[in-house]
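Going by the working numbering, the letters in the sequence shown line up with residues 100 to 697, in that order.
Have a look at the structure below, then the notes.
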Amino acid sequence: MTDTQTNINQISPIQMQEKGSGPVDISFKNIKYSVQVGKTQRDILKDLSGFCQSGTVTAILGASGGGKTSLLNVLSGKIVNGGKVTLTGQIMANGHEFSNEQFNRFSAYVMQDDILVSCLTVRECIQFAADLKLSGTDEYKLEKVNEMISLLKLTKCQNALIGSKLIKGVSGGERKRANIGCELITDPSVIFLDEPTSGLDSFTAYIVISILKDFAKLKQKTVIMSIHSPNTDIWNLFDNINLMVQGKFIYQGPREQIISHFSQIGFQCPKYICPGDYLMQYMTHSERNDALLPSFLEGYEMYLKDDINNTIDKNLLKDDIPLKSTTTSFLFQVSKIAKRTFISTKRDPMLLKSRVIQTIIISLFIGLVYLNQNKITQDSPIRDVQDRISLLFLCTLNMFLKSMSGVLVTFPSEREVFLKECNSKYYTAHAYIVGRLLLEFIQITIYPIINTVIIYFMTGLNQQEASLFFYFLLVSIALSYCGNALGLLCGNLFTDPRTAVAVQPLLSIPFYLFCGFYKNRQDFASWIGWIQYLSPLTYSTEGVVTNEFYGITGPIDPVQQSNYNLGKWNCLGYIALLFVGYQTLAFIIFYNKRKVLQ
């Protein structure tokens, strides 16, 4: 891309030699990044050019809002041109332009937040990354995991759980290193890190940066990080410093030369003060600093800019980019995701034990309330029929809402893990959905079995034929699947889990208001009665009522009086169709939302 105003995402992928990991220098020219905010355009990065050499650690420093994270995200391909975003300029590796797909094959990005599965151990997290991001034998992957654990000094805590607010786990520093290990397992040539010391004490932060320093020096890697305010010990680990103010560079070059540069433009750092702390006072937004900014920019233009541009030009078409092939098959991805989901579910008391206990207790309560509800007496047939229909509706509604609310609780935390891993090319969105649903379906099959076995026999529902019991069980399972799909749909519609939980009643209440239990379906006004056809409870209610009163004679026939004429197996089929529809819609929204959230 020779024209600096060319769309940065319109470059054509070039043919590159397939190699193992090797040194890669990152350079960029005339990067301009702006966002449309209302009717105004906000310029975030303003014509930036720079060079990051292999074997070095480059730190991008600046005050909040200075553009350091934006630059990191642009260089790592996380910000793309389109919509309200305008992005132009050149980004090169070893002097070559590259596509986003190629970029992911020689680089890694470590997010500021340490998003890991809380119920896995440190070793299991890194092993999962190795299984999906490395090619080769299991022995080779295990060897790489052992090397990474040793490199990151995680040997003592390798078998400890990551942990969460409810589960005791490793320390913040160990969690940070585990997160870094998941990205470094592929031995990338370039590593981007967003605020790697955020939330860490000074000693732990020093350990993290020193490990990255050794990694860069020993393996000739290019390490680029954004950082806010490093102490003196961490400052001395950096090879190169990029200082940013309001989307522009005021310094870019070796750490050792930063004091002399600012001295020659009239800013002398005191002898016993960390240069980073001294310069940070000039990078924050204030009237005084805004007045000084032209002096900094003039010094950069006069003493540094030409040398940087010459360095970039000298490294054009330097070497081929070392690309790695890490593609795994769809079935392999599904198997690993399913295995991890199983381990996580087994270890998390909130995901399995509590829900099983809850199902048993609620089922026993319902069973006790409707104990031996197996007769229609001549004295009060209407009351007996009403009680039995109420029991049937309560059973189906319980399974539907339980399954729906369950996924709303667990999905938001899983979504963060998915977005991080999918963005890092662990697996495809399709593989994640299939792998997750395989284990989810096992769970939401177990709960209705427990529920049905307890309630059906405690209350004495129709036991004339075994097929009647199994039909009731099938409807309960189908409703559980439908509730899960609707919960997933609701969870995908909203980024904030609290909003999803708050909106859930707006989605579920109309379904059981219009299902025909509270009011005859034929009596609904036509302009709103269509809701009944979208509700799985409409068909489950008719199905289980038809099933329950099969072969039972009495003065009242609830099937005839309610105009239930679809047939119970047709009702089950309609529930299955609604499940497929809701699951498909949930996946479409999930897939499209993924692009937005990433």
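Ideal Cβ positions, reconstructed from N, Cα and C, are used throughout, including at glycine.
Can you give me the C-alpha to C-alpha distance between residue i and residue j, rounded to a whole angstrom?
i	j	result
asparagine 199	threonine 426	15 Å
phenylalanine 686	serine 504	18 Å
threonine 103	serine 133	Only weak support is given to the placement of threonine 103: the predicted model assigns it a pLDDT of 39, under 50, and the value that follows is read from those uncertain coordinates. Computed Cα separation, rounded: 15 Å.
glycine 590	proline 511	7 Å
tyrosine 673	glycine 161	59 Å
asparagine 522	isoleucine 688	17 Å
glycine 375	arginine 387	19 Å
leucine 518	glutamate 282	14 Å
tyrosine 60	asparagine 691	Residue 60 lies beyond the range of the chain shown here (100 to 697); nothing can be said about it.
asparagine 619	valine 484	16 Å
tyrosine 617	phenylalanine 540	30 Å
methionine 382	valine 184	26 Å
valine 643	leucine 592	31 Å
proline 369	glycine 176	39 Å
glycine 650	glutamate 223	56 Å
tyrosine 681	alanine 584	6 Å
leucine 241	glutamate 273	20 Å
leucine 336	glutamate 355	11 Å
valine 244	isoleucine 284	7 Å
valine 602	asparagine 408	54 Å
valine 289	glutamine 367	34 Å
glycine 235	isoleucine 630	53 Å
arginine 597	leucine 578	24 Å
isoleucine 456	isoleucine 545	12 Å
valine 600	threonine 594	11 Å
leucine 491	asparagine 497	10 Å
proline 393	isoleucine 349	9 Å
Following the continuous beta strand (DSSP E) through residue i, name the residue where it begins and the one where it ends.
i	result
asparagine 172	Unbroken run through asparagine 172 is the alpha helix (DSSP H), 167 to 174; no beta strand (DSSP E).
tyrosine 638	That residue, tyrosine 638, is in no beta strand (DSSP E); its alpha helix (DSSP H) goes 635 to 647.
lysine 452	Element bounds for lysine 452: not the beta strand (DSSP E) but the alpha helix (DSSP H), 452 to 468.
lysine 128	125 to 136
valine 269	It is not in any beta strand (DSSP E) - valine 269 carries neither H nor E in the DSSP assignment.
aspartate 293	289 to 293
valine 209	206 to 209
What residue range is occupied by the uninterrupted alpha helix (DSSP H) comprising residue i?
i	result
cysteine 151	Segment 139 to 151 is the beta strand (DSSP E) holding cysteine 151; no alpha helix (DSSP H) there.
tyrosine 546	528 to 558
asparagine 388	386 to 402
leucine 186	Run containing leucine 186: none in the alpha helix (DSSP H); it sits in the beta strand (DSSP E), 184 to 192.
threonine 444	429 to 446
serine 163	It is not in any alpha helix (DSSP H) - serine 163 carries neither H nor E in the DSSP assignment.
serine 625	625 to 628
proline 657	657 to 660
tyrosine 377	374 to 382
phenylalanine 202	199 to 202
Indicate whether residue i and residue j have their beta-carbon atoms separated by less than 7 Å.
i	j	result
glycine 298	glycine 166	no
isoleucine 554	cysteine 494	yes
glycine 188	asparagine 278	no
isoleucine 261	leucine 215	yes
isoleucine 306	isoleucine 333	no
isoleucine 225	glycine 280	yes
asparagine 339	serine 301	no
leucine 587	valine 679	no
isoleucine 543	serine 607	no
aspartate 293	glutamine 351	no
threonine 440	arginine 514	no
threonine 321	valine 123	yes
threonine 645	tyrosine 663	yes
glycine 666	threonine 558	no
serine 169	phenylalanine 150	no
glutamate 641	asparagine 561	no
serine 153	glutamine 319	yes
glutamate 533	valine 433	First, the amino acid is wrong: residue 533 is valine here, not glutamate. For valine 533 and valine 433, yes; Cβs fall inside 7 Å.
Quick one: which unbroken alpha helix (DSSP H) runs of 4-plus residues sit fully inside the stretch 564 to 609? Chain order, please. Qualifying alpha helix (DSSP H) stretches, in chain order: 565 to 592.
Where in the stretch 298 to 371 do unbroken runs of the alpha helix (DSSP H), each at least 4 residues long, occur, reported from the N-terminal end onward? Taking only runs of at least 4 residues, the alpha helix (DSSP H) segments lying wholly in the stretch 298 to 371 are 301 to 318, 331 to 334, 357 to 363.
Tell me, please, whether the stretch 247 to 255 touches the stretch 308 to 322 by the rule of three or more beta-carbon pairs shorter than 8 Å. Because the criterion of three Cβ pairs below 8 Å is met, the stretch 247 to 255 and the stretch 308 to 322 touch.
State whether the stretch 521 to 535 contacts the stretch 613 to 620, with contact taken as three or more CB pairs (one from each stretch) at a distance under 8 Å. Between the stretch 521 to 535 and the stretch 613 to 620, the count of Cβ pairs shorter than 8 Å is below three; the stretches do not touch.
Are three or more beta carbon pairs between the stretch 392 to 412 and the stretch 361 to 375 nearer than 8 Å? Cβ pair count under 8 Å is three or more, so yes.
Minimum length 4: unbroken alpha helix (DSSP H) runs contained in the stretch 221 to 264: You should have 221 to 232, 237 to 250.
Would you be able to state if there are at least three C-beta pairs under 8 Å between the stretch 145 to 164 and the stretch 200 to 207? Result no; under three Cβ-Cβ pairs closer than 8 Å.
So, does the stretch 208 to 223 touch the stretch 434 to 448, judging by three or more C-beta pairs under 8 Å? Contact holds between the stretch 208 to 223 and the stretch 434 to 448, because three or more Cβ pairs, one in each stretch, are under 8 Å apart.
Stretch pair the stretch 655 to 673 + the stretch 619 to 638: three plus CB contacts closer than 8 Å: At 8 Å Cβ cutoff, the stretches touch.
Below 8 Å, how does it come out for the stretch 567 to 582 and the stretch 451 to 463: are there three or more Cβ pairs, yes or no? In short, these stretches do not touch, since the Cβ pair count stays below three.
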